[in-house]
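The sequence shown runs 992 to 1243 under the working numbering.
The beta carbon of each residue, even a glycine, is placed where N, CA and C say it ideally should be.
Only a predicted model underlies this, so the values are computations on that prediction, with no experimental measurement involved.
These notes are about the structure you will find just below.
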Amino acid sequence: MDVGEEAAPLDERAAKAPGHVAIIMDGNGRWAEGRGLPRTEGHRQGEERLAGVVRTADDLGIRWLTAYGFSTENWARPKMEVDFILGLHKNIFRRLDEMHGNNVRIRCVGRAVSGTSRLPRRILREIERSVRTTESNTGLNFTLAFDYGAREELVYAARNLLRAHRDGGVPISEPSFAASLYEPALPPVDLLVRTSGEQRYSNFLLWQAVDAPFYVTPTYWPDFDRSELEAALEWWRRQRPVVHEEREPAAD
Ligand code: FPP
992 MDVGEEAAPL DERAAKAPGH VAIIMDGNGR WAEGRGLPRT EGHRQGEERL AGVVRTADDL
1052 GIRWLTAYGF STENWARPKM EVDFILGLHK NIFRRLDEMH GNNVRIRCVG RAVSGTSRLP
1112 RRILREIERS VRTTESNTGL NFTLAFDYGA REELVYAARN LLRAHRDGGV PISEPSFAAS
1172 LYEPALPPVD LLVRTSGEQR YSNFLLWQAV DAPFYVTPTY WPDFDRSELE AALEWWRRQR
1232 PVVHEEREPA AD
């Protein structure tokens, strides 16, 4: 937005934006390697980019933003890289004051919810603090998928539901399954975005994104700026089914 330009009211912006955008942030390593920098520099820039995208998403009227910060598969990377990415959590959660000030509600999905996480205790405490501090906020819902894998989430939900079924007679159905996931409040994904060109789910939100249009940009994540997010939203608007008015058959 240009200086001096008035922002449209939130309702107006939200009406033009997908309710839930989920992002697979890919290409940090290639971004860094292409500049002769260590891969970790790509992750550092990626974390800053994520903080910027949270602000932009809020500004564009997106109500739910979910980002893939660390997958269960990422543990297989070299220890130095894993430690670096885990260390970055500090930066994103250190932005807690800013996000809290902007009325952002933070959530986290992943093994932290099921109590099976290998994450260091201090990180788990930090996550818990961010979630608790912001739980009454009513602005953008920002969810970080951290130590997250969708297949594991589905198994977790199945176990939860079976227990509730056995102990409390909860019926086994799509709504009760959805309510058994890591974060039942997470709405269906309206737009799934992946950077750096690959068109793969990579074990991300398999239940929630089942019907989401999948937007892929060749841009590496550290370069994913406001204009990139706006382009993704523009693409999404064009995917919406067009409702054709019924027409009288044309007369010859
Ligand atoms: C993919 O790039 C990105 C990741 C594995 C981690 C994503 C992490 C961030 C964006 C930083 C923010 C972090 C937190 C904790 C909020 P890649 O390394 O797979 O890139 P490549 O495919 O080019 O090798």
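Using 9 Å as the threshold, is the C-beta distance between residue i and residue j below it?
i     : j     : result
M1016 : G1060 : yes
E1117 : K1081 : yes
A1136 : V1184 : no
P1213 : G1027 : no
V1095 : V1045 : yes
T1063 : Y1173 : no
A1141 : N1194 : yes
V1100 : T1129 : no
F1133 : R1098 : yes
A1103 : L1087 : no
A1042 : L1131 : no
A1155 : S1167 : yes
Which same chain residues, not among the five before or five after residue i, have their C-beta less than 7 Å away from its C-beta?
i     : result
S1180 : Note that residue 1180 is Val in the sequence shown, not Ser. Excluding residues within five positions, the ones whose Cβ falls inside 7 Å are H1011, A1013, L1196, Q1199, A1200 and A1203.
V994  : Confidence in V994 is poor, its pLDDT being 47 and thus under 50, which makes the residue's placement unreliable; the coordinate value appears in the next sentence. Counting only Cβ-Cβ distances below 7 Å, and skipping sequence neighbours, we find nothing.
E1072 : R1030 and T1031
G1052 : L1001, R1004, A1005, K1007 and A1008
R1040 : W1212, P1213 and F1215
Considering only DSSP beta bridges, list what residue i is partnered with.
i     : result
I1163 : DSSP, once it has assigned bridges, lists no residue as partnering I1163.
I1053 : BP columns for I1053 are empty, so no partner.
F1061 : F1137
A1013 : T1057 and L1183
The ligand FPP heavy atoms versus the CB of residue i: any closer than 8 Å?
i     : result
F1195 : no
E1032 : no
N1019 : yes
S1187 : yes
S1218 : no
N1132 : no
W1040 : The residue you asked about is not Trp; residue 1040 is Arg in the sequence shown. Yes, the Cβ of R1040 comes within 8 Å of a heavy atom of the ligand FPP.
W1066 : no
M1016 : yes
Y1192 : no
Ordered along the chain, which non-local residues of its own chain (more than five positions away) have a Cβ less than 6 Å from that of residue i?
i     : result
N1151 : S1171
T1210 : T1186 and E1219
Take residue i and list the residues in its own chain whose beta-carbon comes closer than 8 Å to its own, dropping the five residues that flank it on each side.
i     : result
R1021 : G1033, S1187 and Y1211
W1227 : P1009, D1181, L1182, P1204 and Y1206
N1093 : R1046, D1049, G1130 and L1131
Length-filtered (4 minimum) alpha helix (DSSP H) runs lying within the stretch 1068-1140:
Whole alpha helix (DSSP H) segments, 4+ residues: 1070-1085, 1087-1092, 1102-1105 and 1112-1124.
For a minimum of 4 consecutive residues, which ranges assigned as the alpha helix (DSSP H) are wholly contained in the stretch 1166-1229?
Every candidate alpha helix (DSSP H) stretch fails here, since none sits fully inside the stretch 1166-1229 while reaching 4 residues.
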